[in-house]
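All you need for the working numbering is the position in the sequence shown, starting with 1, plus 256.
The structure appears below as structure tokens.
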Amino acid sequence: MAGYRKLGRTTSQRKALLRNQVTNLIYHGKIVTTEAKAKEVRKIAEHLIALAVKERDNYETVTVKAKVARKDKDGKRVKEVVNGKKVTVFDEVEKTIKKDNPSRLHARRQMLKYLYPVTVVPEEKAGRKRNTKVIDLSEKLFDEIAPKYANRNGGYTRIVKIGPRKGDAAMEVLIELV
257 MAGYRKLGRT TSQRKALLRN QVTNLIYHGK IVTTEAKAKE VRKIAEHLIA LAVKERDNYE
317 TVTVKAKVAR KDKDGKRVKE VVNGKKVTVF DEVEKTIKKD NPSRLHARRQ MLKYLYPVTV
377 VPEEKAGRKR NTKVIDLSEK LFDEIAPKYA NRNGGYTRIV KIGPRKGDAA MEVLIELV
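See the structure below:
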């Protein structure tokens, strides 16, 4: 008996499909797929959420000094002339950051093995690279999803049958975070 479903695909195609579906499940909270795919996605998603729940408070808060470019009212960097050259003006700022302990860092890297980077484009400036944001899904797992499931022992996802698909009569299901 195999340890997983092959889903009629080669290894690389199957891994890419599952990574894509797990990423979308965590980003959107629910996806519609076939029953066999949902059961495989459930295994991976539950494992990632369990990692996040276990390591959610395992960090230190550290204050660091950083140099940040000074910006004008339009958001452009302020430059001044020094020795005949235009040089960007920097201000020194103190920031508080979360520093992962080793086990949380390892958990984050384990999550990144399965999660694709997600880029969000704002509605009003669609098609432009300038205002796009990359969302860190491992951070979303630690900060938003893990506290929700802190006192729950597994069972983080739910599979609800929708019915047969029109084209090939494959059973479609909705997999969602509980």
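Don't be surprised by glycine CBs; every beta carbon is placed ideally from N, CA and C.
If you're wondering where the values come from, they're calculated on a predicted model, not measured in any experiment.
Is it true that the CB of residue j sits closer than 8 Å to the CB of residue i?
{"i": "L281", "j": "L273", "result": "no"}
{"i": "V334", "j": "V318", "result": "no"}
{"i": "Y412", "j": "I305", "result": "yes"}
{"i": "A322", "j": "V349", "result": "yes"}
{"i": "I418", "j": "L430", "result": "yes"}
{"i": "Y315", "j": "R365", "result": "no"}
{"i": "R261", "j": "A292", "result": "yes"}
{"i": "L368", "j": "Y283", "result": "no"}
Which two residues bound the contiguous alpha helix (DSSP H) that contains residue i?
{"i": "T238", "result": "The displayed coordinates of the chain run from 257 to 434. Any statement about residue 238 would go beyond what the structure contains."}
{"i": "A363", "result": "358-368"}
Name the two residues that bound the continuous beta strand (DSSP E) containing residue i.
{"i": "V309", "result": "No beta strand (DSSP E) contains V309, which is instead part of the alpha helix (DSSP H) from 291-310."}
{"i": "L430", "result": "427-433"}
{"i": "K342", "result": "341-344"}
{"i": "V338", "result": "335-338"}
{"i": "Y315", "result": "315-325"}
Below 8 Å on the Cβ atoms is my contact criterion, and I expect residue i with residue j to pass it. Report the Cβ-Cβ distance as a whole number of Å.
{"i": "V376", "j": "K389", "result": "5 Å"}
{"i": "A426", "j": "T290", "result": "5 Å"}
{"i": "T279", "j": "Y372", "result": "5 Å"}
| query | With a cut-off of 8 Å, do at least 3 Cβ pairs link the segment 310-326 to the segment 356-368? | reply | By the C-beta criterion, the segment 310-326 is judged to be in contact with the segment 356-368, since at least 3 inter-stretch pairs fall below 8 Å.
| request: Identify every run of the beta strand (DSSP E) within the segment 376-421, keeping only runs that are complete inside it and at least 3 residues long; order them along the chain. | output: 389-391, 413-420
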